[in-house]
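Report on the structure given below.
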Amino acid sequence: MNKIRRLIQGYERYIRVPWRDDVAAAQRVIFCVYDEADERRMRANVSEFELVTQKAEHQWALFDLTDSFAVWLASQKYAESYFRKPHLLSTLLPRYLDHICASFEDFLEEQTVGPDHVVAIQGVGSLFGFLKVKDLVDRLAPLVNGRLLIFFPGSYENNNYRLLDGYDGWNYLAVPITADRK
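Quick note: the sequence shown uses the working numbering, first residue 481, plus one each step.
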């Protein structure tokens, strides 16, 4: 059985457990952690996660960050200047996080997301070098009353998450689901 199939099975076991309503936002976050080399395979199987979620009698909504940086930067008044002098981007990046949060809020409203929803986020690898996933999750988790599922290309070891196996990992309260865990 391949790693993505095992990840789906681990997610299925977890999502079938009855949900408690009295948990903090950070504890309603689920990280499906997979090797970054499996990104295409994971994307091809996202619909399996949706089916498993619906089978567990929960609703599903998928938010994709993959192109968000390019779309956001292209919409900036001085976008061409940033393309010529990318070192100036660091001054603009806090507004990128605000943009994602606003887009996410609009998405939740459009999808009429309720407390029985799993809101999945794919494309977090596209944040690498621009934003920290922890900062994003800290801002988005309180907006979701159900569960927030992060498709996370990287690693998880000793309560430490590392995006794309980068050097700056962080400790988080989220539930980790990996292909290796039984």
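Positions of the beta carbon are idealized from the N, C-alpha and C atoms, including for glycine.
- Under the DSSP assignment, D544 falls in the beta strand (DSSP E) whose first and last residues are 539 to 544.
- Bounds of the alpha helix (DSSP H) holding S527 are 526 to 535.
- Residue environment for V497: exposed (fewer than 16 other C-beta atoms within 10 angstroms of its C-beta).
- Assignment of beta-bridge partners to Q602 by DSSP yields D544.
- Within the model, the alpha-carbon separation for E537 versus T571 is close to 44 Å.
- Shown here, T658 sits in a strand according to DSSP, grouped into three states.
- Secondary structure note for V509: its beta strand (DSSP E) is the uninterrupted segment 509 to 514.
- Under DSSP, L588 forms no beta bridge with any residue.
- Shown here, R564 sits in a helix according to DSSP, grouped into three states.
- For Q489, the uninterrupted alpha helix (DSSP H) run begins and ends at 483 to 495, by DSSP.
- L569 carries a helical assignment under DSSP once its states are collapsed to helix, strand and coil.
- Across the structure, G490 and D547 are spaced so that their CA atoms are roughly 28 Å apart.
- Residue state for L620 is assigned as helix, using DSSP reduced to three classes.
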